[in-house]
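According to our numbering, the residues represented by the sequence shown are 8 to 372, in order.
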Amino acid sequence: LASYNHKTNDIILMSIPRDLHVEIDPGSQWYKRINSVYSTYEQKGEGKGLERLREVVTEVTGHEIQYHAMIGYKGFVELIDTLGGIEVNVENSFTDYAYPDGIGYKTVSFQEGPQVMDGETALEYSRSRHSMQNNEGTDFARARRQQNVLTAATDKVISSSLLNPQSLMNLFNVVQNNVKISEFTLNDIEAGITELKKFNENGETYSFVLDPSAGAGQLLTSQNVVNTGAYAIGPIDGLGTYEDIHKYINHVWQDPKLYEENPTIRIYNTGLGYNETREKYLELTKKLPYLKIYYTGTLYNDKEGTISYINSTKGFAHSLKSINRYINPTSTEQPEYITTRLNGEDITILFGKEIVSNGDSTVTE
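Set out below in structure tokens:
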């Protein structure tokens, strides 16, 4: 699911794993993998597969879908080749010794770093899911790679001479026999080009996968979803219950960079008081739900002020800024009395005794 924010010009990609179990027929209580929805309904009539799939994705995410497209492997390869290839930043090196090639299996391998891929290479990168290296052998890792390819293809389109209505129509014509797409007009294309230009100027792409780790593990589970013993994913609150997923996606929409950075945050009492600090923790989890926020107890009893700082070499500057809007720290620097990385969290928050300004004097409470 790709969503465009007209206010920020950002694109948010939300991938749904094929093992998510959804209700196939409305009201039937018949739950199967979401990747079976299309084939089940297409047997009832041409076009019904995508129609029902759109309904299901809307049920899961809470977002109405305006346009859809479905492309086969052949069309995917042809599309990327028509673009002249795409540049993809491979996040992790991996080798897959069991990539299906139509008659058996072959080995495909990718090295970390940016590289230009033609259509066939991009397809292999997008489909591979049997590697034993760097956690790349899962459907969730594959979904993230597919998002990388989509982002790279979008970047190629908006940075080239293809960004005009006629060229885009030519691009669609190249793969028209391999793509099923919702109806659109020339006006739709022109409007899309306008938004793509805005995106190219100051927009960002943020990627998420609805796997069991999403939303700090509070949304989905792979435990005891079905009684067949097969691997399955479903909402923690029960099959067909998507309220928390809708809330999570709405929070992602409000601050996608925070939820993409997904920091681990630990809160410590350093003087405010154990119970008082716990209240601060509970307040923050209500304002910023579905993040990995933990209350770790008392570290000191005699320190002053509220301090928040980055406790990692991986960045998280935006996350710290977002969090600070709710806690109003007196300092964002690691204090001298903290000499270790504590529990290795990404962001540390210390609640000490409150400092109250009283005219020209400062009083510690």
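Backbone N, C-alpha and C fix where the C-beta goes; we use that ideal spot for every residue, glycine too.
In DSSP terms, what residue i is bridged to
| i | result |
| --- | --- |
| Ser10 | Ile19 |
| His28 | Arg40 |
| Ala148 | Beta-bridge pairing links Ala148 to no other residue. |
| Ser138 | The partner list for Ser138 (beta bridge, DSSP) is empty, contrary to what the question assumes. |
| Ala76 | Ile188 |
| Val380 | Given a span of 8 to 372 for the chain in the structure shown, any question on residue 380 remains unanswerable. |
Close beta carbons around residue i, own chain, < 8 Å, minus the five adjacent residues each side
| i | result |
| --- | --- |
| Asp88 | Asp125, Gly126 |
| Val340 | Here the sequence assigns Glu to residue 340, which means Val is not the residue at that position. So the list reads Ile314, Tyr316, once near-sequence residues are dropped. |
| Ile334 | Lys287, Leu291, Thr313, Ser315, Ile356 |
| Tyr281 | Gly304, Thr305 |
| Asn257 | Gly69 |
| Ile72 | Leu8, Arg61, Val64, Thr65 |
| Tyr106 | Tyr112, Lys113, Thr114, Val115, Glu131, Arg134, Ser135, His137 |
Residue i - DSSP class collapsed to helix/strand/coil
| i | result |
| --- | --- |
| Glu340 | coil |
| Pro121 | strand |
| Gly241 | strand |
| Gly69 | coil |
| Ser368 | Residue placement at Ser368 is flagged as unreliable, the pLDDT there being 46, under the threshold of 50; the coordinate-derived value follows with that caveat. The answer is strand: DSSP assigns Ser368 an E or B state. |
| Leu227 | strand |
| Asn350 | coil |
| Lys360 | strand |
| Val84 | helix |
| Tyr316 | strand |
| Ile300 | strand |
| Glu311 | strand |
| Thr355 | strand |
| Thr89 | helix |
| Thr305 | strand |
| Gly236 | coil |
| Leu246 | coil |
| Gln153 | helix |
| Glu143 | coil |
| Lys163 | helix |
| Gly34 | coil |
| Ser133 | helix |
| Lys321 | coil |
| Glu58 | helix |
Element boundaries [beta strand (DSSP E), containing residue i]
| i | result |
| --- | --- |
| Thr212 | 212-216 |
| Asp103 | 101-107 |
| Asn276 | 271-276 |
| Lys51 | Counting along the chain, Lys51 falls outside any beta strand (DSSP E), and DSSP gives it neither H nor E. |
| Ile330 | Per DSSP, Ile330 belongs to no beta strand (DSSP E); it is in the alpha helix (DSSP H), 324-334. |
| Asn282 | Premise fails: Asn282 lies in the alpha helix (DSSP H), 281-294, not in any beta strand (DSSP E). |
| Asn96 | 93-97 |
7 Å Cβ shell around residue i - same chain, five flanking residues per side excluded
| i | result |
| --- | --- |
| Tyr45 | Gly56, Leu57, Leu60 |
| Gln154 | Leu20, Ser22, Ser214 |
| Tyr80 | Leu130 |
| Thr271 | Lys299, Glu352, Asp353 |
| Arg348 | Asn318 |
| Lys205 | Asn16 |
| Val97 | Phe117, Gln118, Glu119, Gly120, Gln122 |
Close Cβ partners of residue i (< 6 Å) along its chain, the five nearest in sequence each way excluded
| i | result |
| --- | --- |
| Tyr48 | Lys55, Gly56, Arg59 |
| Ser116 | Thr102 |
| Val63 | Val29, Val44 |
| Asn207 | Ile165 |
| Ser368 | Note that Ser368 has pLDDT 46, beneath the 50 cutoff, so the model's placement of it is unreliable and the number below is only indicative. The answer is none, since no qualifying residue turns up. |
| Ser10 | Ile19 |
| Trp260 | none |
Boundaries (first-last residue) of the alpha helix (DSSP H) holding residue i
| i | result |
| --- | --- |
| Asn207 | 193-209 |
| Val259 | 250-261 |
Near the ligand NAD: residue i beta-carbon under 8 Å from a heavy atom
| i | result |
| --- | --- |
| Phe147 | What this structure holds is no ligand at all, so the ligand NAD is not there to describe. |
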